[in-house]
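Taken in sequence, the protein lines are chains V and B.
Positions 3 to 145 (the working numbering) are the ones given, in order, by the first sequence.
Positions 3 to 145 (the working numbering) are the ones given, in order, by the second sequence.
Reading through the structure tokens given below for one structure.
Number of protein chains: 2
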Amino acid sequence: MNEIDEYKDILREHGLRVTSKRLGIVSLLKGFDYPVDAKLICEGLCDAGICINLSTVYRALESLVEVGVVRRINFSDDAKVFYELNRGGHRHFLHCMGCDELISLDVCPLSDFQLALAKETKYRVVSHNLDIYGYCPKCQVRK
Amino acid sequence: MNEIDEYKDILREHGLRVTSKRLGIVSLLKGFDYPVDAKLICEGLCDAGICINLSTVYRALESLVEVGVVRRINFSDDAKVFYELNRGGHRHFLHCMGCDELISLDVCPLSDFQLALAKETKYRVVSHNLDIYGYCPKCQVRK
DNA sequence: ATTATTAATGCGAACGATTTGCGTTTGCAT
DNA sequence: ATGCAAACGCAAATCGTTCGCATTAATAAT
């Protein structure tokens, strides 16, 4: 059973139909290691021969987020929403405000803090969002 | 010289005119200790007798952000932009995903991490964005 | 104080991202 | 193979935000 079959099963387990569009989105997202927006997904699939309406992309992404296959991401320097394959765990990014380079950080400095915060506030802490903004070496020179 | 006069001076120092609308926005924001969106500002001012067009609210906020009086904030669970008075320093919030309660955290767990990251990546780190999501005690029971 | 200058405002239209309504197509249980 | 509900395509609607342009008002010049 290959990896795409896993996703088929996840869809079926949640009572969702397995469609070429949904699988197309998943396999497209597999090719990116950074979050992409709905429009790029739409165009990427079209180029791959799977033409799909933009509203269908949104609806499919919504379903995929619901079953946990995809994760929604919202950066504060951009109004639109980004999506990435949910590979377990979570990531944070360092954004260059000059050239929009995006560096994925492999550490999360918040696990201890989050535990302490939960204890202090009695909240059940579920997730967090951390993005760091600055200028990359090249852009520091350019400016 | 009262507090509003300080803001008048800041505007003038930056070559911006002192208008009732801009001062209205500032004094309205003073009344909130959490970030609010443009629409709420518009309606709040209207209720206070200072009727102001929504596009003017956006333009005024833009100016106030430029001169450092106001800060733009972007949460990952909401597409729209929020604004708050820039009281110096920065803040992070704990969001209840059940009732949308917002708790302002008085600590930032990232200062050391940010320094280390800058060193490691050679980025000039300018700012960051951190929000924590979970369920408040009441919503844990409700659910 | 009056007038001239030009930034700030109001209004409506435009915008980009996202959602929705509805008729058509397709996956899948029978 | 057939029927039904879920998914889809399409166009229109929505939401937050921005823009163009004519009008108003804050400040500088007289």
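For glycine and all other residues, C-beta sits at the position ideal for the given N, C-alpha and C.
Along the chain, where does the beta strand (DSSP E) containing B/E86 start, and where does it finish?
V83 to L87 is the extent of the beta strand (DSSP E) around B/E86.
For V/P2, count neighbouring Cβ atoms within 10 angstroms of its own Cβ and tell me buried if that reaches 16, exposed if not.
There is no way to answer for residue 2 of chain V, as the model of chain V reaches only from 3 to 145.
Is there a Cβ from chain V that is less than 8 Å from the Cβ of B/N131?
Residue contact check for B/N131 against chain V: a CB pair falls below 8 Å.
Check the Cβ of V/A81 against every Cβ in chain B and list those closer than 9 Å, keeping chain order.
By Cβ distance, chain B contributes N76, A81, K82 and V83.
At 8 Å on the CB atoms, spell out the chain V contacts of B/L119, in chain order.
L96, L107 and I134, listed in chain order.
Looking only at its own chain, which residues have a Cβ that is under 8 Å from the Cβ of B/L25, when we skip the five neighbours before and after it?
For B/L25, same chain residues with a beta-carbon under 8 Å away, outside a window of 5 residues either side, are I6, Y9 and K10 in chain order.
Any idea if B/A50 is buried or exposed, counting beta-carbon neighbours within 10 angstroms, 16 or more meaning buried?
Within 10 angstroms of the beta-carbon of B/A50 lie fewer than 16 other beta-carbons, which makes it exposed.
Ignoring anything shorter than 4 residues or poking outside the region 104–128 of chain B, list the alpha helix (DSSP H) runs there in chain order.
The alpha helix (DSSP H) runs of length 4 or more contained entirely in the region 104–128 of chain B are, from start to end of the chain, 113–123.
Identify every run of the alpha helix (DSSP H) within the region 11–35 of chain V, keeping only runs that are complete inside it and at least 4 residues long; order them along the chain.
The qualifying runs are 22–32.
Selection from V/F34, V/K23 and V/L13 that minimises the alpha carbon distance to V/L87
Per the Cα distances, V/F34.
Limits of the beta strand (DSSP E) - the one that V/C98 falls within:
H94 to C98 is the extent of the beta strand (DSSP E) around V/C98.
For the region 136–143 of chain B against the region 124–140 of chain V, do three or more pairs of beta-carbon atoms, one drawn from each stretch, fall closer than 8 Å, so that the two count as touching?
Remark: three or more beta-carbon pairs, one from each stretch, lie closer than 8 Å, so the region 136–143 of chain B and the region 124–140 of chain V are flagged as touching.
Going by Cα to Cα distance, which pick from B/C48, B/V72, B/I105 and B/K121 is closest to V/E122?
Checking every option, the nearest Cα to that of V/E122 belongs to B/I105.
So, helix, strand or coil for V/D133, using DSSP?
DSSP places V/D133 in the strand class (E or B) of the three-state scheme.
Is there contact between the region 68–78 of chain B and the region 67–80 of chain V, where contact requires at least three CB pairs shorter than 8 Å?
As far as the Cβ criterion goes, the region 68–78 of chain B touches the region 67–80 of chain V, which means the pair count is three or higher.
What residue from V/L42, V/F115 and V/Q142 has the CA that sits closest to V/M99's CA?
The shortest C-alpha to C-alpha distance from V/M99 to any of V/L42, V/F115 and V/Q142 is the one to V/Q142.
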